[in-house]
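> After the structure tokens below, expect a handful of questions from me.
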Amino acid sequence: MLKYLGKRFFQLVVVAFVISVLVFLLVRILPGSPAQVILGSSYTKEAAAQLNAQLGLNHSLIIQYWDWILNIFHGNFGQSYINNETVAHELATGAPIDLELIILSQIVAFAVSIPLALTTSRRPNRWFDNVSTTGTFGMLALPPFVIAPIMVAIFAVNLKWFPATGEVPFTQAPLTNLHDFILPSLAITAGSIAVYYRLLRSDLIATLQEDFITMARSKGLSNRTIMLRHAFRPSTFSLMAAAGINIGGLLAGTFIVEYLFAIPGLGYTLVVAVNQRDYLVVQGITLVVALAYVVLQFIIDFLFTVVDPRVIRE
Amino acid sequence: MPNDRELDATNNTEAVLTDHYPGMAAIDETILNLETDAISPDGEVLKRPFGPLFWVAIGWVSLIILLAILANLLPLQNPNYGNYNILNAGPSLQHWLGTDDLGRDLFSRIVFGSRVSLVVGFGATFISIVAGGTLGLLSGYKGGALDSTMNAASFIILAFPAIIAVIALVAVWAPPNLWKITLILGVGTIPLMYRVIRATTLAFANRDFVVAAKTMGATTPRILFREILPNVVPIGVTFGLISVAGLIVLEGSLAFLGLSVPLPTPSWGNMIAEGSNNGLLSINPLIMMWPALSMFLLLLSINLIGDRLRQRLDVREGLL
Amino acid sequence: MARNQERLTFPPLGQPGDPLLEVRDLHTSFRTTRGTVQAVDGVSLSVASGRTLGVVGESGSGKTVLSRSIMGLLPPRDVVRSGTVEFAGHDLTTLPPEQLRQVWGAELSMIFQDPMTALNPVKRIGVQITESIRLHQGLSKKDAMASAVALLHQVGIPSPEDRVRWYPFQLSGGMRQRVMIAIALACSPRLVMADEPTTGLDVTIQAQILDLLSSLQKERNMAMILVTHDLGVVANRADEIAVMYAGRIVERAPTKKLFANTHMPYTRALMDSIPRLSDPSGTRLTAIGGRPPDLINPPAGCRFAPRCSYAQDKCHQSEPPLRSTGEPGDHLFACWYPLSGSATVPVTLKEPPSAGSPTPSNPATPPKDPS
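Protein chains in written order, with our numbering: chain F, 1 to 314; chain V, 1001 to 1320; chain E, 2001 to 2371.
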């Protein structure tokens, strides 16, 4: 068990390192230098050179990379070239918004898709299954930039149930905050529901063909017990893998709703930073997001071993 | 789960980085699992008819493609011509879908806007299938160091936040235009397509009919093209359609942020963005609704076609 | 709904030989996309307390469907079932699902063919044993676990205290089948359906498992239906044997009688395919030519006729009824031109019959002859 997870962990460290290098290089290939952006019309070669020296951009790439990584290990992600906020500050203000969006949307997604799949997989191709499956097709065709404006138009503009834009930090007024996050979260959740439901449903249908389900029935167990105790767990492999990929995509991938609902989380901050060539902000956020992705995969791996003990034995 | 074991059994050439990496195996399995839900309760593969919805979807996609191709020949108004006498008009005989806040004809903008979605969706998928498919076939069939390296590389690239890379690349290669966006998204999808085709190839590479061909001295290209490719094509097609839908969404997201084809050229994404801005939602929600509805129906149709095709192509796979 | 929740009551466990299961004219068919498959076509049989019935047939003869159909385990969707299954005073075909679940596992349980697929791969074996004990006997978690340990001990699993925490994949095939037996016997059922319980196992382990089953059966006065494709398996373990072909019973007799006086050519063919120690080495086994018929469009007349070397015109035209030989001891067969005389006695019969073996003077309750 430990050996298995240790091996995974080592692999993830390697991946994290490679990603940090890629992040660093990716930012360097952006055309237009920070000096151009910062100095604007007062750009001169001398001023640029002076600024580059000040920002440490005159060193070789390897030294720049090394300085950056070393500082990160000291908790220092550097500073925005544009507004002089520390990157750590940007992360601290942005990340909670992303996290809340992701957590809320995923709670809804699981709460809808799992019971639905457990219900329809027992009687596939009946009317309720057909309605649900067709419904999730519709959800797949509603990406955030399509559904979010529609939701705003209906619920915020016409019905005025929700604020169209803005947010109050959760710590200040939790209920208002949740209220503000409902529309953005729902806008993200449609796709997750569809993916989770479809995968879990098809895996459950396959699992229900297994002998051990007939065996469980022959013990006299109730349908409920069979679905929850016998069929569900072995059917969650694809679901977990898909959840890992999906949540990974939502990390800093929620910028559409952040933009539309004016709740600037990491995703939106990042898009702005790319456009402004704000190197250290881009680097910092991308690295944190990529690491979060890697950690997420590690968690999923761990869950695999919990769900199926056979995984450990290789 | 049998897929997992099957993959593991054939995966003797995995690199250190990814060998028996269950997350990745599960992704591969998820991809292959796309194939397993057409099974009836008694384990028989259902041969379902396509059904009328499928043909409606085909008809809708064909109509949009046809309109997009013939847009210049049709008696459409100039999508960028604003008639300031009729701002925010509702649907009428002159303007089937009404006009926007600049007095531009919404129907014409929808038709011309569809070109962006279609070119990016199908074009980028084509690029990724040709490149990723070739690499995946070779890698899955040949194995060895080539396979290990490419597999590890694809894993790392997939772990990288895709959307950030795309945004950065679009920023690098400014100003964006249709062909650049298509190329960036197409190249960006190669690793995913590579994994799909490689996993499928692996599943077939050790099947009896391939081994038999090998023992009879068939050349590698012959085995790849005559024995393996025909079995990989159904999965390539079904996954290709999923990818078309995904890329249309991605382009729409970029357009929504103003990172795709620049205004005033219409695309559904930037039309939705325009319509959701500046309080227009309360004045003329139609500006946003028409492209949103078009996008919804197009994605729905493509997904539906992909799903039905998958069910149908499975039958072939089941017969093997 | 509420009336369905009633607890079923069962008569006290009878003496060995008392009637327990009575199946009358059971039909089971599946609706498939190709047509209706008549998997079980008018089967009648009976099993008495503590006795063993062997059901023998090739794969595709409907024997597995029969055992699941008797239990009522087949999914109701696409399955049509008629006939009655009288078990310990209840007709299982008319019981509502809630009450059927009180029978399953508690009074009537099943041993599956392949323990690798029939045990849940992601649950510890202890839990898989205790769940039916807790359900049917209402024991606490701790008591149920103690009972599971005792069961594993009885089925011959070493250090059961530790093994209860193992997963199926950590056990060998024979061990897994022992666990399966422990699960089936956990609540001391009156009747166990064993569906090819040893097919996937090595020959030496096969014998061990079958002996284990026989001894547990004797201890607990438990009846058993032993379903197999191998006449050799049931030859010295079953009190009575029913031979199935294409969804029907074609010959049914107490074991000794069946071997002593085989009437149906199909039964004879099955016997001839058992290897015998008395044969000189190098003797070819007789295989049955051809394949079992398509159950969607079964042949007219006797269903075995197309493969039968004794078949005559009549066999191809009309179907022989299952009829009695008339002699005492209840020997039924379905053949227009029955064979007579004994088959070469198979080696398995040369050994003295095991203790719980047939007492032909005390046959199981005869079912009504459908003809």
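Glycine included, every Cβ here is placed at the ideal spot set by N, Cα and C.
Note that this is a predicted model, so its numbers are computed, not measured.
Suppose the cutoff is 7 Å on Cβ atoms and the five residues either side in sequence are ignored; what does the same chain contact list for G253(F) look like?
Hits under 7 Å: G267.
> For G6(F), count neighbouring C-beta atoms within 10 Å of its own C-beta (all shown protein chains included) and say buried if the count is 16 or more, exposed if not.
G6(F) is exposed by the Cβ-count criterion.
> Would a C-beta distance cut-off of 8 Å place L280(F) and G78(F) closer than the cut-off?
Yes, they are a contact pair.
> On the DSSP bridge assignment, give the partners of W2104(E) in chain order.
DSSP, once it has assigned bridges, lists L2108(E) as partnering W2104(E).
> Under 8 Å, Cβ to Cβ, is there at least one residue of chain E near R224(F)?
Answer no: the Cβ-Cβ gap between R224(F) and chain E never drops below 8 Å.
> Taking only the alpha-carbon atoms, compute the straight-line gap between L2119(E) and V2079(E) and give it to the nearest angstrom.
Whole-angstrom Cα-Cα distance: 25 Å.
> Taking only the alpha-carbon atoms, compute the straight-line gap between V21(F) and L61(F) and give it to the nearest angstrom.
Those two C-alpha atoms are separated by around 10 Å.
> Where in the region 2163 to 2228 of chain E do unbroken runs of the beta strand (DSSP E), each at least 3 residues long, occur, reported from the N-terminal end onward?
Here the runs fully enclosed are 2191 to 2195 and 2223 to 2228.
> By the 9 Å beta-carbon criterion, what residues does the region 243 to 261 of chain F contribute toward chain V?
The region 243 to 261 of chain F vs chain V, Cβ under 9 Å: G244, I245, G248, G249, L251, A252, G253, F255, I256, Y259 and L260.
> CA-CA distance, P2299(E) and P2306(E)?
Looking at the two C-alpha atoms, the distance is approximately 8 Å.
> Rounded to whole angstroms, what is the Cα-Cα separation between E85(F) and H74(F)?
Cα-Cα distance, rounded: 17 Å.
> Could you tell me the distance, in whole angstroms, from the CA atom of Q2113(E) to the CA atom of T2228(E)?
Distance between the alpha carbons of Q2113(E) and T2228(E): 10 Å.
> Return helix, strand or coil for P2019(E), following the three-state DSSP convention.
Residue state, collapsed to three classes: strand.
> Could you tell me which chain F residues have their CB closer than 9 Å to the CB of Q2102(E), listed as they occur along the chain?
Within 9 Å Cβ-Cβ: G220.
> Tell me the rounded alpha-carbon separation between S1092(V) and A1124(V).
About 36 Å.
> Please classify P1002(V): does DSSP put it in a helix, a strand, or coil?
No answer about P1002(V) holds up, because its pLDDT of 36 lies below 50 and its placement is not dependable.
> Could you tell me which chain B residues have their CB closer than 7 Å to the CB of I1272(V), listed as they occur along the chain?
Given the protein chain composition of this structure (F, V and E), no chain B is represented.
> Tell me the residue span of the alpha helix (DSSP H) that contains L12(F).
L12(F) -> alpha helix (DSSP H) spans L2 to R28.
> Assuming A190(F) contacts L251(F) under a Cβ cut-off of 8 Å, what Cβ separation, rounded to an integer in Å, is found between them?
Going by Cβ atoms, the distance from A190(F) to L251(F) rounds to 18 Å, so no, they are not a contact pair.
> Closer than 8 Å, Cβ to any Cβ of chain E: which residues of the region 297 to 309 of chain F, in chain order?
The residues in question are V307, D308 and P309.
> Does P184(F) come within less than 8 Å of chain E when only Cβ atoms are used?
So no, P184(F) is outside the interface.
> On a CA-only basis, which of L12(F), I29(F), G138(F) and A187(F) is nearest S105(F)? Give me that one, please.
Nearest C-alpha to S105(F): A187(F).
> Go to F2087(E), then tell me how far its beta strand (DSSP E) extends in each direction, as first and last residue.
Segment V2079 to F2087, the beta strand (DSSP E) holding F2087(E).
> Indicate the three-state DSSP secondary structure (helix, strand or coil) for F2333(E) in the structure shown.
In the structure shown, F2333(E) sits in a strand (DSSP, three-state: E or B).
> Give the range of the alpha helix (DSSP H) segment to which Q297(F) is assigned.
Its alpha helix (DSSP H) spans residues Y279 to V307.
> If contact means a Cβ-Cβ distance below 7 Å, which residues of the region 46 to 72 of chain F contact chain V?
Under the 7 Å Cβ criterion, the region 46 to 72 of chain F contributes no residue.
> Do P1175(V) and P1291(V) have their beta-carbon atoms positioned less than 8 Å apart in this structure?
In this structure, P1175(V) does not lie closer than 8 Å to P1291(V) by Cβ.
> Skipping 5 residues on each side, what residues in its chain have a beta carbon closer than 7 Å to that of F1209(V)?
Answer for F1209(V): E1227, listed in chain order.
> Going along chain F in order, which residues have a C-beta closer than 9 Å to the C-beta of F2112(E)?
Result: D211, F212, T214, M215 and S218.
> Could you tell me which residues DSSP pairs with H2090(E) in its beta bridges?
Bridge partners of H2090(E): F2087(E).
> Check distances from the C-beta atoms of the region 2078 to 2105 of chain E to those of chain F and list, in chain order, the residues that come in under 9 Å.
Result list: P2097, E2098, L2100, R2101, Q2102, V2103, W2104 and G2105.
> For H2136(E), which residues in chain F fall below 9 Å Cβ to Cβ?
Under the 9 Å cutoff, chain F gives K219 and G220.
> CB-CB under 7 Å to V288(F), same chain, minus the five flanking residues each way: which ones, in chain order?
Hits under 7 Å: L91.
> Using a 10 Å radius around the Cβ and a threshold of 16 neighbouring Cβ atoms, would you call V2203(E) buried or exposed?
Exposed, since its Cβ has fewer than 16 Cβ neighbours within 10 Å.
> Can you give me the Cβ contacts of V256(F) inside the same chain, cut-off strictly under 7 Å, excluding the 5 residues immediately before and after it?
Correcting the residue type first, residue 256(F) is Ile in the shown sequence and not Val. Cβ neighbours of I256(F) beyond the five flanking positions: P144, F145 and A148.
> Would the region 2124 to 2144 of chain E and the region 2081 to 2100 of chain E be scored as touching if the rule is three or more Cβ pairs under 8 Å?
As far as the Cβ criterion goes, the region 2124 to 2144 of chain E does not touch the region 2081 to 2100 of chain E, which means the pair count is below three.
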